[in-house]
Amino acid sequence: MTYQPVIVGSGLVGWQFLKSTQDTQRTVFDKSASLTRDTEYFEANIGKITSAEDLVADRRLRRVALGAFGLQDDIDNIFFIRKILDEGTLNQDSLANKMSDDRYKAMAKAFAFDSPLGPATQGSGFAKSIVARFRAQEFEVAVGNQDESLRLSLNLERALPEIAATSSADDTKWFRVMGTSPLRTVLETALGLPKGFGQLDIDKQLEMFRDKMQSRFGVSEIDEIAEPEVMGRVIQTYLLQNQIKESSAIGSGQLALTLLQSIPRLSLLR
Numbered sequence: 002m003t004y005q006p007v008i009v010g011s012g013l014v015g016w017q018f019l020k021s022t023q024d025t026q027r028t029v030f031d032k033s034a035s036l037t038r039d040t041e042y043f044e045a046n047i048g049k050i051t052s053a054e055d056l057v058a059d060r061r062l063r064r065v066a067l068g069a070f071g072l073q074d075d076i077d078n079i080f081f082i083r084k085i086l087d088e089g090t091l092n093q094d095s096l097a098n099k100m101s102d103d104r105y106k107a108m109a110k111a112f113a114f115d116s117p118l119g120p121a122t123q124g125s126g127f128a129k130s131i132v133a134r135f136r137a138q139e140f141e142v143a144v145g146n147q148d149e150s151l152r153l154s155l156n157l158e159r160a161l162p163e164i165a166a167t168s169s170a171d172d173t174k175w176f177r178v179m180g181t182s183p184l185r186t187v188l189e190t191a192l193g194l195p196k197g198f199g200q201l202d203i204d205k206q207l208e209m210f211r212d213k214m215q216s217r218f219g220v221s222e223i224d225e226i227a228e229p230e231v232m233g234r235v236i237q238t239y240l241l242q243n244q245i246k247e248s249s250a251i252g253s254g255q256l257a258l259t260l261l262q263s264i265p266r267l268s269l270l271r
């Protein structure tokens, strides 16, 4: 049996409750029998895997590998996932490098089946790093089963600092964020970007993201946005904007104004 996270309220109320109980809830969740079985099996067997073919042939390993990158919905797309992993990321023409969703590239790079030095599955600490990602993602999925906006908020809080910590240029970090659907959803909503925005030229999108971030939050670089205080304000704004959308059927312009005026200048997540 898998522990189901307790969510009280929605929007900012739900977020505050979740954050105040997250450590305790994660501890209980991580001890769930099904999660323990999956992670123990992965740790015991991933070191035997030397090819993408071997990995996709084992559904239990495949479940953890995909789940660690938020790609659990692709568990039955065996040929597609094998191609992503087989081709890796070293070749700029590989499928992973062509995908608009950056999570496929992140997975292919992590497993490194295209590396001349051998796959990362043979490395010390690899299993534990993937398992840690999987546990975090599974908790987010469980939260999302009750409130998708809280799942996306948790994802931003975890994934954005990971991107910021890389040595890439800010443009590259922005493109990674823009190419990761859950992160993009939060930022687009928080910034009030219009429908059809994603159809613009990619460089124009980047320019607008930066301009909007600077205007609303006073920062424009990913490293700055990933700072806890700024990230907290982004999450608050996203949740409030999402509430406005959900309340539009019964709400009014006054509701929107009231909610937006309630955004504090300091993060609730200090």
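Just so we're aligned, residue 2 is where the sequence shown starts under this note's numbering, counting upward by one. Beta carbons are placed, not taken as given, at the ideal position from N, Cα and C, and that holds for glycine. Note that this is a predicted model, so its numbers are computed, not measured.
>> Within the continuous alpha helix (DSSP H) that includes P6, where are the two ends?
In response: On the sequence shown, position 5 is the one that residue 6 refers to. Looking at the DSSP string, P6 is not in any alpha helix (DSSP H), and its letter there is neither H nor E.
>> Between the alpha carbons of S268 and T238, how many angstroms are there, rounded?
In response: Translated into the one-based positions of the sequence shown, residue 268 becomes position 267. Translated into the one-based positions of the sequence shown, residue 238 becomes position 237. In this prediction, S268 has a pLDDT of 45, which is less than 50 and means its spatial position is unreliable; what the coordinates show is noted afterwards. Answer to the nearest angstrom: the Cα atoms are 10 Å apart.
> In three-state DSSP terms, what is K174?
Replying inline: The sequence position of residue 174 within the sequence shown is 173, counting from 1. Helix at K174.
> By a C-beta neighbour count over all protein chains shown, 10 Å radius and 16 as the cutoff for buried, is Q93 buried or exposed?
Replying inline: For this step, residue 93 is matched to residue 92 along the sequence shown. Exposed: under 16 other Cβ atoms inside 10 Å.
> Among residues of its own chain, excluding the 5 on either side of R266, which ones have a beta-carbon nearer than 6 Å to its beta-carbon?
Replying inline: Position 265 of the sequence shown, counting from 1, holds the residue named residue 266. Only weak support exists for where R266 lies, its pLDDT of 45 falling under 50; the value from the coordinates is given anyway. Within the same chain, R266 has no close Cβ partners at all.
> The alpha helix (DSSP H) spanning S154 covers which residue range?
Replying inline: Position 153 of the sequence shown, counted from the first residue, corresponds to residue 154. 149-165 is the extent of the alpha helix (DSSP H) around S154.
>> Considering only their Cβ atoms, is the gap separating E139 from D171 smaller than 8 Å?
In response: Taking the first residue of the sequence shown as 1, we reach residue 171 at position 170. Taking the first residue of the sequence shown as 1, we reach residue 139 at position 138. No, they are not a contact pair.
>> Please classify R271 as buried or exposed, where buried requires at least 16 neighbouring CB atoms within 10 angstroms.
In response: Your numbering for residue 271 matches position 270 in the sequence shown. Because R271 carries a pLDDT of 43, less than 50, the predicted location of this residue cannot be relied on, and no value is offered for it.
>> So, with DSSP's three-state summary, where would you put A69?
In response: The count along the sequence shown starts at 1 and reaches residue 69 at position 68. It is coil, neither helix nor strand.
> Where do the N-terminal and C-terminal ends of the alpha helix (DSSP H) with F43 fall, by residue?
Replying inline: Walking along the sequence shown from the start, residue 43 turns up at place 42. Its alpha helix (DSSP H) spans residues 34-46.
> From V220 to R185, what distance separates their C-alpha atoms?
Replying inline: Counting from one through the sequence shown, the residue named residue 220 turns up at place 219. Counting from one through the sequence shown, the residue named residue 185 turns up at place 184. Those two C-alpha atoms are separated by around 17 Å.
> Can you tell me where the alpha helix (DSSP H) with V132 in it begins and where it stops?
Replying inline: Position 131 of the sequence shown, counting from 1, holds the residue named residue 132. Unbroken alpha helix (DSSP H) run through V132: 127-145.
>> Please list the terminal residues of the continuous alpha helix (DSSP H) segment that includes V49.
In response: Against the sequence shown, residue 49 aligns to sequence position 48. With the sequence shown as reference, residue 49 is identified as Lys, and Val is not the correct amino acid for it. From DSSP, K49 is part of no alpha helix (DSSP H); its letter is neither H nor E.
>> On the DSSP letters alone, give me the boundaries of the alpha helix (DSSP H) that I223 sits inside.
In response: The residue given as residue 223 occupies position 222 in the sequence shown. From DSSP, the alpha helix (DSSP H) with I223 extends over 223-226.
> Mapping DSSP to helix, strand and coil, what is L267?
Replying inline: As a position in the sequence shown, residue 267 is number 266, starting the count at 1. Legend: pLDDT at L267 = 42, less than 50; position of this residue unreliable, value from coordinates given subsequently. Coil, per DSSP.
> Can you tell me the Cα-Cα spacing of A121 and R38, whole angstroms?
Replying inline: The count along the sequence shown starts at 1 and reaches residue 121 at position 120. The count along the sequence shown starts at 1 and reaches residue 38 at position 37. So the alpha carbons of these two residues sit roughly 22 Å apart.
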